[in-house]
Structure formats: structure tokens, C-alpha cells
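Using UniProt numbering, the letters of the sequence shown correspond one by one to residues 1 to 121.
Even for Gly, the Cβ is constructed at its ideal location relative to N, Cα and C.
A quick write-up on the structure given underneath.
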Amino acid sequence: MTFMERGPEADEVRARLLAMRADALDRAVGLGAAKSDLVEASWGANIDDEHDPEGQTIAFERAQVDALAADVRRRLAEVDAALDRLAAGTYGTCVVGGEPIDPERLRARPTATTCVEHAAQ
């Protein structure tokens with residue numbers, strides 16, 4: 001039997017996953033605004049800012065924002081996949097071995113797809 005399909009536990013997990021999704025979307029919006037600001041700032045900047053004595057280059061800052069945005073997209077994909085598993089009744093089942101994932105692991109990492117034993121695979 002799966003960790004849960006319906007009932008209060010499933011509702012709690014769904015609410016937590018939806019909150020995680022909303023947080024990630026908010027972060028994505030913020031990162032989009034940050035990238036827009038950097039692009040706008042680069043219009044008036046020296047194109048060759050490699051030797052800028054003031055520190056980090058705009059290109060470096062853009063790379064940081066891009067990396068953070070990629071992390072947010074990965075996080076959204078994990079949350080969406082967990083919501084799909086919850087809807088399908090397979091949430092809490094290890095995708096490698098098919099055994100139940102420890103509820104403590106799911107509380108710590110609600111998007112977990114594997115049990116602790118298979119986590120390294």
C-alpha cells in the first residue's frame with residue numbers, strides 16, 4: 001500500500017507541496033525581474049566590463065541569476081512530479097524498489113522519489 005492516497009495526511013502533503021510550488025514561482029518571478037534589471041543595466045554599461053575595478057561583472061551576475069533560475073525550474077519540476085504521484089496514488093513509493101518511503105524522509109524531503117537505501121542510485 002502507498003504512503004497515502006486520500007485523507008488528512010494526503011491533504012497535508014498536498015498543501016505543503018502547493019506552498020513549495022507557490023514559493024518557487026514567487027522566486028522565479030523575482031529572478032526574472034533581477035535578470036531584466038541586469039539586462040537593462042548592461043545597456044548603459046561598458047560592453048567590456050571584464051576589467052571593471054568595482055568588482056563583479058554584469059556577465060557574472062547574469063550567470064548567477066541564470067543558475068538560480070535553473071535551480072528554481074528543477075525545484076518546480078520536482079514539486080509537480082510529487083503532486084502527480086500524489087494524484088496517481090504512488091506518492092511515497094520508491095521508484096527504484098517499489099517499497100514505501102519512510103514517512104520521516106517524506107516529511108524532511110516531500111519531493112523524495114526513493115527510499116534512503118536507493119537515494120544514492
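Determine the contact status of residue i and residue j, defining contact as a CB-CB distance below 8 Å.
{"i": "Val-72", "j": "Ala-28", "result": "yes"}
Nearest by alpha-carbon distance to residue i: which of the options is it?
{"i": "Leu-18", "options": "Lys-35, Ala-77 and Ala-34", "result": "Ala-77"}
{"i": "Ser-36", "options": "Gly-89, Arg-62 and Tyr-91", "result": "Arg-62"}
{"i": "Gly-30", "options": "Val-65, Ile-58, Arg-74 and Met-20", "result": "Val-65"}
{"i": "Tyr-91", "options": "Ala-24, His-118 and Thr-114", "result": "Thr-114"}
{"i": "Asp-23", "options": "Glu-40, Arg-75, Leu-38 and Val-39", "result": "Arg-75"}
{"i": "Val-39", "options": "Phe-60, Ala-82 and Asp-26", "result": "Phe-60"}
{"i": "Arg-21", "options": "Glu-9, Asp-84 and Val-95", "result": "Asp-84"}
{"i": "Glu-9", "options": "Cys-94, Gly-89, Val-95 and His-118", "result": "Gly-89"}
How would you label residue i, buried or exposed, when you count the other beta carbons within 10 angstroms and need 16 or more for buried?
{"i": "Gly-98", "result": "exposed"}
{"i": "Met-1", "result": "Model confidence at Met-1 stands at a pLDDT of 37, short of 50, so the residue's coordinates are unreliable; what they give is reported in the following sentence. So Met-1 counts as exposed."}
{"i": "Val-116", "result": "exposed"}
{"i": "Ala-33", "result": "exposed"}
{"i": "Ala-120", "result": "exposed"}
(message) For the structure I just gave you, are there three or more beta carbon pairs, one from the region 57–69 and one from the region 98–108, closer than 8 Å?
(response) no
(request) Determine contact between the region 7–24 and the region 105–120, defined as no fewer than three beta-carbon pairs at a distance below 8 Å. (result) yes
(message) Quick check on the DSSP output: what are the complete beta strand (DSSP E) runs of length 3 or more inside the UniProt domain "Zinc finger DksA/TraR C4-type" (89–117), in order along the chain?
(response) none
(request) Would you mind listing the beta strand (DSSP E) stretches within the region 58–84 that are 3+ residues and don't spill past its ends, in chain order? (result) none
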